[in-house]
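Undergrad:
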Amino acid sequence: MFDVGFTELLLVGLVALLVLGPERLPGAVRTAGLWIGRIKRSFSAIKAEVEREIGADEIRRQLHNEQILELEREMKAMKQDLLSPGSAAKTEASAKAEQSAAAPEPSTSASKAPSQDKPAQP
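Take 1 as the starting number for the sequence shown in UniProt numbering and just add one per residue.
1. Can you tell me whether Ser-42 is helix, strand or coil according to DSSP?
2. Would you kindly check if the distance between the Cβ of Leu-17 and the Cβ of Leu-25 is under 8 Å?
3. Taking just the CA atoms, how far does Arg-38 sit from Leu-71?
4. What's the gap between the Cα of Ile-36 and the Cα of Lys-47?
5. Rounded to whole angstroms, what's the CA-CA distance from Ala-28 to Asp-3? Just pull it up for me.
6. Excluding five sequence neighbours on each side, which residues of the same chain lie with their C-beta closer than 6 Å to the C-beta of Leu-20?
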């Protein structure tokens, strides 16, 4: 990332020693170290969160792709059923069966013949 060599670090340390002085330099280095550590931890936390989100997106994408593949398989199976010979008879038979199952049975009480218990009137 940064191309910092030993001589650059030595120069920064010498300038810091001249600016801050020997009494405040250890405290300043300690504070700088703490801030650098906090920044590193926050960057690593952000990186982990982004990786989790990317992983969740990949899982969602895979589930969506699997659903699409399953739908395509079902469509191919339906297409083969419709295009295969003799499937027209099967389709008609299944349609008739569905209609008979869905249609209500006619009521026999409304179309009942006159009862045979009573004699016929002359």
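By construction, the Cβ of each residue, glycine as well, lies at the ideal position given by its N, Cα and C atoms.
Quick caveat: nothing in here was measured; it's all calculated off a predicted structure.
TA: In brief:
1. Locating residue 42 in the sequence shown gives position 42, where the first residue counts as 1. Correct three-state label for Ser-42: helix.
2. Your numbering for residue 25 matches position 25 in the sequence shown. Your numbering for residue 17 matches position 17 in the sequence shown. Contact: yes.
3. Numbered from its first residue, the sequence shown carries residue 71 at position 71. Numbered from its first residue, the sequence shown carries residue 38 at position 38. Using only the alpha carbons, I get a separation of about 50 Å.
4. Translated into the one-based positions of the sequence shown, residue 36 becomes position 36. Translated into the one-based positions of the sequence shown, residue 47 becomes position 47. Those two C-alpha atoms are separated by around 16 Å.
5. Within the sequence shown, residue 28 is the residue found at index 28, counting from 1. Within the sequence shown, residue 3 is the residue found at index 3, counting from 1. Distance from the CA of Ala-28 to the CA of Asp-3, rounded to the nearest whole angstrom, comes to 23 Å.
6. As a first step, residue 20 must be located in the sequence shown, where it is residue number 20. Excluding sequence neighbours, Leu-20 sits near Ala-28.
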